[in-house]
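Below you'll find the structure, written out as structure tokens, and then a few comments.
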Amino acid sequence: MATVECTECGAEIEAADNVINGEILPCPSCGAEMEVTSTKPLKVELAPEVREDWGE
Amino acid sequence: MIPPTDEQAIELLKGAVAIDSPSRQERPVAEFLAARMRECGWASRIDDAGNAVGERRGPAADAPGRTLVMLGHMDTAPGKVPVRTEGDLLYGRGAVDAKGPLCAFIAGGARAELPPGSRLIVVGAVEEESATSKGARFAATQYQPDACLIGEPSGWDAVTLGYKGRLLCEYTAEQDSGHTAGPEAPVAHRAVDWINAVRAYGEQFNEGRTRLFDQLMVGVRDIRTSSDGLADRVEVSMGFRLPPKFEIDAFEAFVRDAAPGAKVSFRGREVAWEDTRSSAAARALVRAIREEGGSPSYKLKTGTADLNVVGPVWKCPIVAYGPGDSRLDHTPNEHISLAEYLRSILVVARAVEGLLGAG
């Protein structure tokens, strides 16, 4: 299990060993959703907004 | 299991699209799908609601494993689109919404390796395009899955996290007939005033809400006037797309109060429902998309789907997935890329294994 710092509040976020790029890790402290941008070394950024789309 | 080849998967989709299946006329396509499911190893049946259902189980285990339901729909919006293949594109009503996603579930689910004790169910539901959602409502009473994938077009490399709620409304007002040059305003004016009041409610509610998903969307679907020479009548059909946690009862009360002397009725109530990007269902699909070489993205849709029916009942990780461009839903030009369809089958197989596997 690896850990990385939340970019919003600095809290420690745990990540599974098989975490992949693009995976979303919620911060257990502030709730912000972090996107994994690198696995080796483990890095995260605030995840982009979810897109809105029409229809079904 | 006899997992389908790419050619068989394409023939499955072409065969399903070629069978007209507007809501409440799904039996022929249900029988087709049940037969094709049996051919590739699913235990298939048509349930009491008319849904085509396929089931697979992993090897026997000492303890039960996870259950995954993949819920698509067999019915289509009205309107015949000539079925044809042009290069990579398959045209036909339902190619995108949503026989493409459903067939991807059938083919991808057939290819997945299931862990011991696990259970995989695919449902081709009836009446998703109808306000009744009869198939999904029945399915909601039959299973209690650990996760659910809804078959709707997100695009092969995207995941739909949620859909808006919906409410349908019918308004009727009548008054004695009068001369068009007389003093009394036509009955249609009462409907116009009511529509404007409801729209103003929506505009006020939406102030400060920048996301469409968080807004109340107000739409007039139909306005009809008639007269028998003694009484003039106006009828209005409206549809509302609802945001999460919307106070539907209070809204209905406002809509009624804004229509003095008129009849107002509601139907088709569905609450908005959404999952998070970190849910097990979203993560399994994102991982699968990446493993198939894609760059996954996430969407929230302004429409309403069977996710809104089963989500509040099952309260499990639930997202929608499927090949196709949803902007083609219900259009005369509805078509799907067969290459995208085949890619989505690979994603489904991986996602199923991820969701049913340990950890």
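Respectively, the protein sequence lines represent chains A and B. 1001 is the number that this note's numbering gives to position 53 of the first sequence; each next residue is one higher, with no gaps. 19 is the number that this note's numbering gives to position 14 of the second sequence; each next residue is one higher, with no gaps. Every residue, glycine too, gets a C-beta built ideally from N, C-alpha and C.
**Prompt:** For the segment 991-1003 of chain A, which residues have a beta carbon sitting closer than 9 Å to at least one beta carbon of chain B?
**Reply:** The segment 991-1003 of chain A vs chain B, Cβ under 9 Å: A995, P996, E997, V998, R999, E1000, D1001, W1002 and G1003.
**Prompt:** When Cβ atoms are compared, which residues of the segment 966-989 of chain A fall closer than 8 Å to chain B?
**Reply:** Hits within the stretch, in order: I968, N969, G970, E971, I972, L973, P974 and E981.
**Item:** Between the CA atoms of G84 (chain B) and A100 (chain B) - distance to the nearest angstrom
**Value:** Counted from its first residue, the second sequence places residue 100 (chain B) at position 95. Counted from its first residue, the second sequence places residue 84 (chain B) at position 79. One C-alpha to the other measures close to 13 Å.
**Message:** At a CB distance below 9 Å, what residues from the segment 245-257 of chain B approach chain A? Give them in sequence order.
**Reply:** Residues: none.
**Asked** Exposed or buried, what is D254 (chain B) when buried is set at 16 or more other beta-carbons lying within 10 Å of its beta-carbon?
**Response** As a working mapping, residue 254 (chain B) is identified with position 249 in the second sequence. Only exposed fits D254 (chain B), as fewer than 16 other CB atoms lie within 10 angstroms of its CB.
**Asked** Are three or more beta carbon pairs between the segment 199-209 of chain B and the segment 37-47 of chain B nearer than 8 Å?
**Response** Verdict: no, contact absent.
**Buried or exposed (CB count within 10 angstroms, at least 16 for buried), M243 (chain B)** = For this step, residue 243 (chain B) is matched to residue 238 along the second sequence. Buried, since its Cβ has 16 or more Cβ neighbours within 10 Å.
**Request:** Check whether the Cβ of D53 (chain B) lies closer than 8 Å to any Cβ atom in chain A.
**Result:** Sequence index remark: in the second sequence, residue 53 (chain B) carries index 48 (1-based). Not an interface residue.
**Message:** What does the Cβ neighbour count give for P976 (chain A), buried or exposed, with the cut at 16 atoms within 10 Å?
**Reply:** For the purposes of this step, residue 976 (chain A) is taken as residue 28 along the first sequence, with counting starting at 1. Counting Cβ neighbours within 10 Å, P976 (chain A) comes out exposed, since fewer than 16 surround it.
**Prompt:** Does the beta carbon of P328 (chain B) sit closer than 8 Å to a beta carbon anywhere in chain A?
**Reply:** In the second sequence, counting from the first residue as 1, residue 328 (chain B) sits at position 323. Not one chain A Cβ lies under 8 Å of P328 (chain B).
**Request:** Could you tell me the distance, in whole angstroms, from the CA atom of L360 (chain B) to the CA atom of A258 (chain B)?
**Result:** As a first step, residue 360 (chain B) is located in the second sequence; it is residue number 355 there, counting from the start. As a first step, residue 258 (chain B) is located in the second sequence; it is residue number 253 there, counting from the start. About 43 Å.
**Request:** Give, in chain order, every unbroken run of the alpha helix (DSSP H) that is at least 4 residues long and sits entirely within the segment 189-226 of chain B.
**Result:** Counting only runs of 4 or more, we get 192-211.
**Request:** Assuming G70 (chain B) contacts G63 (chain B) (C-beta within less than 8 Å), just tell me the rounded distance between them.
**Result:** For this step, residue 70 (chain B) is matched to residue 65 along the second sequence. For this step, residue 63 (chain B) is matched to residue 58 along the second sequence. Indeed they touch by this definition, with Cβ atoms about 6 Å apart.
**Request:** Could you say which of B:I51, B:D80 and B:P8 lies nearest to P27 (chain B) if we only look at CA atoms?
**Result:** Along the second sequence, read from residue 1 onward, the residue named residue 27 (chain B) stands at position 22. Residue B:D80 is the option with its Cα nearest to P27 (chain B).
**Request:** Compare the beta carbon distance of L312 (chain B) and I323 (chain B) with 8 Å and say whether it is the shorter of the two.
**Result:** Start at 1 with the first residue of the second sequence, and residue 312 (chain B) comes out as number 307. Start at 1 with the first residue of the second sequence, and residue 323 (chain B) comes out as number 318. By the CB criterion at 8 Å, L312 (chain B) and I323 (chain B) fall inside the cutoff.
**Prompt:** Relative to the C-alpha of A236 (chain B), which residue among B:G183, B:A112 and B:P328 is closest?
**Reply:** Position 231 of the second sequence holds residue 236 (chain B). The shortest CA-to-CA distance from A236 (chain B) to any of B:G183, B:A112 and B:P328 is the one to B:G183.
**Request:** Compare the Cα-Cα distances from T955 (chain A) to each of A:G1003, A:E1000 and A:L990 and report the closest residue.
**Result:** Looking up residue 955 (chain A) in the first sequence gives position 7. If we check each option's Cα against that of T955 (chain A), A:L990 comes out closest.
**Request:** Look up S349 (chain B) in the DSSP assignment and say whether it is helix, strand or coil.
**Result:** Within the second sequence, residue 349 (chain B) is the residue found at index 344, counting from 1. S349 (chain B) falls in the helix class under three-state DSSP.
**Prompt:** Is G46 (chain B) helix, strand or coil when you go by DSSP?
**Reply:** Counted from its first residue, the second sequence places residue 46 (chain B) at position 41. The three-state secondary structure of G46 (chain B), taken from DSSP, is coil.
**Item:** Residues from the segment 146-158 of chain B in contact with chain A, defined by Cβ distance under 9 Å
**Value:** Against chain A - using a Cβ distance shorter than 9 Å - the residues of the segment 146-158 of chain B are E157 and P158.
**Residues, ordered as in the chain, of the segment 288-320 of chain B that lie near chain E by beta-carbon distance below 9 Å** = Note that chain E does not occur in the displayed structure, where the protein chains are A and B.
**Span of the alpha helix (DSSP H) around V22 (chain B)** = Position 17 of the second sequence, counted from the start, is the residue given in the question as residue 22 (chain B). From DSSP, the alpha helix (DSSP H) with V22 (chain B) extends over D11 to A23.
**Message:** Per DSSP, what are the beta-bridge partners of M75 (chain B) in this structure?
**Reply:** For this step, residue 75 (chain B) is matched to residue 70 along the second sequence. Residue pairing from DSSP places M75 (chain B) in a beta bridge opposite B:V127 and B:L154.
**Prompt:** Helix or strand or just coil, what does DSSP make of A363 (chain B)?
**Reply:** Position 358 of the second sequence, counting from 1, holds the residue named residue 363 (chain B). Legend: pLDDT at A363 (chain B) = 49, less than 50; position of this residue unreliable, value from coordinates given subsequently. DSSP places A363 (chain B) in the coil class of the three-state scheme, outside both helix and strand.
**Asked** What is the C-beta distance between P121 (chain B) and A65 (chain B), in whole angstroms, given that I count them as a contact (C-beta under 8 Å)?
**Response** Reading the second sequence from its first residue, position 116 is the one you call residue 121 (chain B). Reading the second sequence from its first residue, position 60 is the one you call residue 65 (chain B). That pair is a contact at about 7 Å.
**Message:** I'd like the list of long-range same chain contacts for A115 (chain B), defined as Cβ closer than 7 Å, with 5 residues on each side in sequence excluded.
**Reply:** Sequence index remark: in the second sequence, residue 115 (chain B) carries index 110 (1-based). Its chain contains M6, P8, P9, C45, G46 and W47 as the residues whose beta carbon lies nearer than 7 Å to that of A115 (chain B), once the 5 sequence neighbours on both sides are disregarded; these appear in chain order.
**Prompt:** For W1002 (chain A), does the count of other Cβ atoms within 10 angstroms reach 16, so buried, or fall short, so exposed?
**Reply:** For the purposes of this step, residue 1002 (chain A) is taken as residue 54 along the first sequence, with counting starting at 1. By the Cβ neighbour-count rule, W1002 (chain A) is exposed, with fewer than 16 other Cβ atoms within 10 Å of its own.
**Backbone CA spacing between E993 (chain A) and R216 (chain B) [nearest angstrom]** = Position 45 of the first sequence, counting from 1, holds the residue named residue 993 (chain A). Position 211 of the second sequence, counting from 1, holds the residue named residue 216 (chain B). Answer to the nearest angstrom: the Cα atoms are 22 Å apart.
**Message:** A136 (chain B) and L173 (chain B) - do their beta-carbons sit closer together than 8 Å?
**Reply:** Indexing the second sequence from 1 puts residue 173 (chain B) at position 168. Indexing the second sequence from 1 puts residue 136 (chain B) at position 131. Contact annotation: L173 (chain B) and A136 (chain B) have beta-carbon atoms nearer than 8 Å.
**Request:** Decide yes or no for the touch test of the segment 90-106 of chain B against the segment 339-347 of chain B: beta carbon pairs closer than 8 Å, at least 3 of them.
**Result:** Flag = yes, the segment 90-106 of chain B and the segment 339-347 of chain B touch.
**Asked** Can you list the residues of chain A that S331 (chain B) reaches, using a CB-CB cut of under 8 Å?
**Response** Stepping through the second sequence from its first residue, residue 331 (chain B) is reached at position 326. Within chain A, D1001, W1002, G1003 and E1004 have C-beta atoms less than 8 Å from the C-beta of S331 (chain B), given in sequence order.
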